[in-house]
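Undergrad: Please read through the structure below; I'll follow up with questions.
There are 2 protein chains.
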Amino acid sequence: MSAPSNKQPVAAGRSAPSPLPPRRARVAGGITLLEVARLAGVSAMSVSRALNTPEQVSAAILAKVRAAVESTGYVANRVAGSLASQRSRLVAAVVPSIAGPVFQEMVQSLIAELAARDHQLMLGQSGYGTQEEDALLDAIIGRRPDGIVLGGVVPSAAGRRRLVASGIPVVETWDMVQDPIDMLVGFSHEAIATAVATFLIERGRRRLGFIGGNHERAARRASAFVHSALHGPAREREISAHVETVVAPATVRSGRQALGEMLRHQPGTDAIFCSSDVLALGVVTEAAARGLRVPQDIAVVGFGDLDFAADVSPSLTTVRIDSTRIGQLAARFIVSRSEGLDVEEAKVDVGFSIVSREST
Amino acid sequence: MSAPSNKQPVAAGRSAPSPLPPRRARVAGGITLLEVARLAGVSAMSVSRALNTPEQVSAAILAKVRAAVESTGYVANRVAGSLASQRSRLVAAVVPSIAGPVFQEMVQSLIAELAARDHQLMLGQSGYGTQEEDALLDAIIGRRPDGIVLGGVVPSAAGRRRLVASGIPVVETWDMVQDPIDMLVGFSHEAIATAVATFLIERGRRRLGFIGGNHERAARRASAFVHSALHGPAREREISAHVETVVAPATVRSGRQALGEMLRHQPGTDAIFCSSDVLALGVVTEAAARGLRVPQDIAVVGFGDLDFAADVSPSLTTVRIDSTRIGQLAARFIVSRSEGLDVEEAKVDVGFSIVSREST
DNA sequence: ATGAAAGCGCTAACAT
DNA sequence: ATGTTAGCGCTTTCAT
Chain L
1 MSAPSNKQPV AAGRSAPSPL PPRRARVAGG ITLLEVARLA GVSAMSVSRA LNTPEQVSAA
61 ILAKVRAAVE STGYVANRVA GSLASQRSRL VAAVVPSIAG PVFQEMVQSL IAELAARDHQ
121 LMLGQSGYGT QEEDALLDAI IGRRPDGIVL GGVVPSAAGR RRLVASGIPV VETWDMVQDP
181 IDMLVGFSHE AIATAVATFL IERGRRRLGF IGGNHERAAR RASAFVHSAL HGPAREREIS
241 AHVETVVAPA TVRSGRQALG EMLRHQPGTD AIFCSSDVLA LGVVTEAAAR GLRVPQDIAV
301 VGFGDLDFAA DVSPSLTTVR IDSTRIGQLA ARFIVSRSEG LDVEEAKVDV GFSIVSREST
Chain U
1 MSAPSNKQPV AAGRSAPSPL PPRRARVAGG ITLLEVARLA GVSAMSVSRA LNTPEQVSAA
61 ILAKVRAAVE STGYVANRVA GSLASQRSRL VAAVVPSIAG PVFQEMVQSL IAELAARDHQ
121 LMLGQSGYGT QEEDALLDAI IGRRPDGIVL GGVVPSAAGR RRLVASGIPV VETWDMVQDP
181 IDMLVGFSHE AIATAVATFL IERGRRRLGF IGGNHERAAR RASAFVHSAL HGPAREREIS
241 AHVETVVAPA TVRSGRQALG EMLRHQPGTD AIFCSSDVLA LGVVTEAAAR GLRVPQDIAV
301 VGFGDLDFAA DVSPSLTTVR IDSTRIGQLA ARFIVSRSEG LDVEEAKVDV GFSIVSREST
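Written as structure tokens, this is what we have:
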């Protein structure tokens with residue numbers, strides 16, 4: 001149809017500026033909800049409902065939408081959805097390292113539990129100083145996750161303030177601190193240290209040692225261990241306790257070296273509590289290399305009950321934490337909270353157990 | 001002021017519908033860019049620029065904005081930013097388990113490298129069957145990450161298609177496959193298997209064994225190992241090779257059990273290649289328990305060069321992969337791509353090395 | 001049960 | 001260098 005039925009106005013001097021100069025379309029993303037809606041012959045809202053709350057939609061529409069989605073390979077853009085609904089379905093976790101005994105299991109469990117509830121995990125690693133950690137917290141807050149899980153991370157005062165100000169649900173998961181930021185799923189380092197000291201003293205050990213990482217988390221256990229050894233209820237006679245510190249992360253090698261240091265500083269040490277099974281394996285290995293018998297000459301207790309603890313020789317006595325449960329509870333608390341439910345019990349002590357094996 | 005200066009119209013039948021009935025305001029989020037702009041006395045764009053591209057802004061505005069941000073504790077909403085800019089600054093990674101020898105290090109390195117470039121990592125775990133894996137991929141695609149890193153995950157044909165259709169940059173990081181989906185940073189399982197077989201045969205071993213997980217990744221190495229042993233260049237005389245499979249994940253325990261099976265099925269086995277150092281530790285432990293000397297009676301090679309490999313006794317000969325480099329390259333490729341740069345070499349073989357220690 | 005309109009809080013594109 | 005405008009692709013709210 002080339003007939004100029006509606007003639008365009010021929011240039012009259014300078015053309016009047018059109019009121020809405022059509023600007024270049026922004027780069028087209030992929031296919032959108034609207035296109036699916038057109039294809040299905042329904043409104044955008046019906047597509048949204050068919051995808052998110054299918055029970056609110058008639059069978060007819062459901063079928064049409066499903067067909068359109070199928071044929072286009074449409075995957076809804078959750079960034080847009082998050083912005084509109086103010087729920088990101090993203091949860092952030094910050095741990096010192098995913099390699100740690102408790103954290104690895106907790107992160108795995110978090111991922112699994114969140115996935116089952118249609119949420120995803122964003123993972124951050126702290127442990128490079130306060131400044132980086134605060135920057136990391138801001139990066140996380142900027143994404144408006146539905147929750148933040150802190151594993152063994154003690155935020156700075158400033159970080160803590162921002163966390164609170166953000167209004168994002170927070171679950172701390174390491175120590176049973178007195179004044180949690182928000183929710184808390186943890187275990188008591190003091191209780192563990194006391195229990196292990198008592199366990200060893202009851203078995204006749206008198207010269208105790210503690211080997212742990214050079215960070216606050218291990219330090220808490222160390223001081224509680226020493227205190228329990230020297231002043232605890234099990235104390236009947238002369239007991240000594242000494243602490244050796246290794247540079248994090250804990251390795252078999254640092255465990256071996258630390259035993260050397262321990263024997264130099266406190267000869268005759270007859271029992272050692274390590275802040276990780278990996279360190280304990282190093283201690284056992286080094287003891288063997290030095291002709292010390294485990295447990296006759298020296299008893300060794302680890303932490304974490306890693307998979308190898310039961311199967312090395314001698315098998316390791318260790319402290320077991322149910323880290324999977326920690327992850328599950330943290331995930332549930334956050335998801336419940338973001339669904340507007342009141343979280344019944346937001347402060348849980350998951351406890352611990354001492355698994356007694358050959359090394360003691 | 002109770003004087004009715006402007007009398008409200010008394011109900012005149014049904015009141016005429018006002019053209020724009022003001023609806024209830026949506027739940028207010030926190031503080032927004034616009035409020036910061038008002039506080040600073042500048043436009044929203046100036047705040048945006050001051051935060052994202054400070055070099056494009058005058059010192060005066062920069063100062064005003066900084067002050068306003070400081071006083072409000074404003075943290076920009078990246079969900080909105082992502083939607084507007086079509087860049088999420090999120091990268092997704094999928095691994096069978098974060099506990100695996102290569103993956104743990106790769107994930108750590110990914111997190112660190114991405115954080116340095118102002119990106120975050122979203123982590124998924126596959127390994128629960130094709131159906132869950134495809135669902136996971138869809139959940140990831142829905143978030144429109146700037147890239148997806150696949151670690152030891154071989155997507156189904158359907159998953160592969162969706163990945164390609166999504167247009168999201170993908171880095172595969174496990175095997176040097178022939179036809180990568182997109183980018184590739186890996187190493188050759190075949191080359192490793194051949195090298196280890198040759199290594200063992202050259203040292204006089206004749207009855208070889210392979211112990212690996214019951215999944216495709218290990219299976220590739222297993223068959224290449226057997227093939228190299230039976231048909232490889234190093235073959236001078238009678239050589240046998242046998243494969244034992246353990247249920248994933250690999251543990252010290254399954255390594256111990258597998259050695260038992262191996263000796264039952266192929267008595268006189270004098271060298272074993274394990275698909276993980278953890279399995280190798282189990283084999284060494286079980287050998288000791290059975291009175292077999294390592295390496296005199298049986299040589300053991302692990303995989304991963306985990307931190308304990310050098311420090312257990314006997315120390316483990318193992319295959320070392322530079323997983324940190326894999327993570328770095330993957331992160332760089334993706335970030336570069338999302339910045340519109342052409343990625344120079346998008347197919348990298350990071351190689352491997354055999355670290356020879358006491359166990360051989 | 002379905003649809004229309006109005007944003008969610010930013011940034012790209014354009015204009016000055 | 002700074003501001004204005006119009007979306008990004010969804011979901012909430014309200015009306016039918």
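Listed in order, the protein sequences are those of chains L and U. Read in order, the letters of the first sequence correspond to residues 1 to 360 in UniProt numbering. Read in order, the letters of the second sequence correspond to residues 1 to 360 in UniProt numbering. For every residue, glycine included, the Cβ atom is placed at its ideal position computed from N, Cα and C. All figures in this text were calculated on a predicted structure; none of them were measured in a lab.
(1) Leaving aside the five residues before and after L/D175 along the sequence, list all residues of the same chain whose C-beta is less than 6 angstroms from its C-beta, in chain order.
(2) Got a sec: is the Cβ-Cβ distance from U/A112 to anything in chain L below 8 angstroms?
(3) How would you label L/Q178, buried or exposed, when you count the other beta carbons within 10 angstroms and need 16 or more for buried?
(4) Between U/D305 and chain L, is there a C-beta pair that is closer than 8 angstroms?
(5) Kindly say whether L/S359, judged by its beta-carbon, lies nearer than 8 angstroms to any beta-carbon of chain U.
(6) Verify the CB distance criterion: does L/T285 have a CB-CB separation below 8 angstroms to chain U?
(7) Since U/L292 is in the alpha helix (DSSP H), which residue starts that stretch and which ends it?
(8) Using a C-beta cutoff of 8 angstroms, does U/T251 count as contacting chain L?
(9) Return the CA-CA distance between L/T360 and L/A250, expressed in angstroms with no decimal places.
(10) Which residue from U/G100, U/R38, U/V42 puts its Cα closest to that of U/L279?
(11) May I ask you to report which of helix, strand or coil DSSP gives U/A76?
(12) Using a threshold of 7 angstroms, is the CB atom of U/D270 nearer than that to any non-hydrogen atom of the ligand PLP?
(13) Name, please, each residue of chain U whose Cβ falls closer than 9 angstroms to the Cβ of L/R325.
(14) Along chain U, in chain order, which residues have C-beta atoms closer than 9 angstroms to that of L/A76?
(15) Anything in chain L within Cβ reach of U/S88, meaning under 7 angstroms, just list it in chain order.
(16) Enumerate, from N- to C-terminal direction, the unbroken alpha helix (DSSP H) stretches of 4 or more residues contained entirely within the region 231-281 of chain L.
(17) Can you give, in chain order, each stretch of the beta strand (DSSP E) that sits fully within the UniProt domain "HTH lacI-type" (31-85) of chain U and has at least 3 residues?
(18) For the beta strand (DSSP E) containing L/L208, name the first residue and the last one.
(19) Once the 5 residues before and after U/L184 are set aside, which same chain residues still bring their CB inside 8 angstroms of it?
(20) By the criterion of Cβ-Cβ separation under 7 angstroms, what are the contact partners of L/I98 in chain U?
(21) State the CB to CB distance for the pair U/M106 and U/G302, rounded to an integer number of angstroms; the pair is presumed to be in contact (CB under 8 angstroms).
(22) Leaving out the 5 sequence neighbours to the left and right, which residues in its chain are closer than 8 angstroms to U/R143 when beta-carbon positions are compared?
(23) In three-state DSSP terms, what is U/T198?
(24) Just to confirm the assignment, what range does the beta strand (DSSP E) spanning U/D138 have?
(25) Just the chain U side, please: which residues come within less than 8 angstroms of L/R256 by C-beta, in chain order?
(26) Out of U/T130, U/S275, U/L62, U/E238, state which residue places its alpha-carbon closest to the alpha-carbon of U/G212.
(27) Just to confirm, is the Cβ distance from L/V226 to L/V243 under 8 angstroms?
(28) Taking the CB atoms as reference points, tell me whether L/T130 and U/D311 lie closer together than 8 angstroms.
(29) Since L/R168 is in the alpha helix (DSSP H), which residue starts that stretch and which ends it?
(30) How many angstroms separate the CA atom of U/A288 from the CA atom of U/V300?
(31) Does the structure place the region 259-269 of chain U close enough to the region 316-334 of chain L that three or more beta carbon pairs sit under 8 angstroms?
(32) When the Cα atoms are used, what is the spatial distance from L/V47 to L/V355?
(33) Hey, does U/V278 have any beta-carbon neighbour from chain L nearer than 8 angstroms?
(34) Would you say L/A115 faces chain U, with C-beta separation under 8 angstroms as the test?
(35) Within 10 angstroms of the Cβ of U/V69, are there 16 or more other Cβ atoms? Answer buried if so, exposed if not.
TA: This is what the structure gives:
(1) If we look at L/D175 and ignore the five residues flanking it on each side, its Cβ neighbours are G186, H189.
(2) It does: the Cβ of U/A112 has a partner Cβ on chain L nearer than 8 angstroms.
(3) If you draw a 10 Å sphere on the C-beta of L/Q178, you find fewer than 16 other C-beta atoms in it, and that means exposed.
(4) With 8 angstroms as the cut-off, U/D305 does not count as an interface residue toward chain L.
(5) Not an interface residue.
(6) Cβ-Cβ to chain U under 8 angstroms: yes for L/T285.
(7) For U/L292, there is no enclosing alpha helix (DSSP H), as DSSP gives it neither H nor E.
(8) Taking Cβ atoms only, chain L reaches closer than 8 angstroms to U/T251, which makes this a yes.
(9) Approximately 21 angstroms between the Cα atoms of the pair.
(10) Checked all of U/G100, U/R38, U/V42; the closest Cα to U/L279 is U/G100.
(11) U/A76 falls in the coil class under three-state DSSP.
(12) This structure simply doesn't include the ligand PLP, nor any ligand for that matter.
(13) Counting only Cβ-Cβ distances below 9 angstroms, L/R325 has no contacts in chain U at all, with the closest Cβ about 18 angstroms away.
(14) G142, listed in chain order.
(15) Simply V79.
(16) Note on the region 231-281 of chain L: whole alpha helix (DSSP H) runs with a minimum of 4 residues are 252-265, in chain order.
(17) Counting only runs of 3 or more, we get nothing.
(18) In the DSSP annotation of this structure, the continuous segment of the beta strand (DSSP E) that includes L/L208 starts and ends at 207-213.
(19) Closer than 8 angstroms at the Cβ level, and outside the excluded window around U/L184, lie V171, E172, T173, M176, V177, A346, K347, V348.
(20) Within 7 angstroms Cβ-Cβ: I98, Q104, V107, Q108.
(21) Not really, about 18 angstroms apart at Cβ, beyond 8 angstroms.
(22) Here the set comprises S88, L90, A92, M122.
(23) Helix, per DSSP.
(24) Per DSSP, U/D138 belongs to no beta strand (DSSP E); it is in the alpha helix (DSSP H), 130-142.
(25) Going along chain U in sequence order, the residues near L/R256 (Cβ under 8 angstroms) are D311.
(26) Cα-wise, what sits closest to U/G212 is U/S275.
(27) Yes. Within cutoff.
(28) Cβ distance not < 8 angstroms, so L/T130 and U/D311 don't count as in contact.
(29) The sequence given here has Ile at residue 168 of chain L, not Arg. Taken as a continuous stretch (DSSP letters only), L/I168 belongs to no alpha helix (DSSP H), as it is neither H nor E.
(30) Just so you know, the alpha carbons of U/A288 and U/V300 end up roughly 12 angstroms apart.
(31) These segments do not touch.
(32) So the two alpha carbons sit approximately 54 angstroms from each other.
(33) Closer than 8 angstroms: yes.
(34) Chain U, which has a Cβ nearer than 8 angstroms to the Cβ of L/A115, makes this yes.
(35) Buried is the call here.
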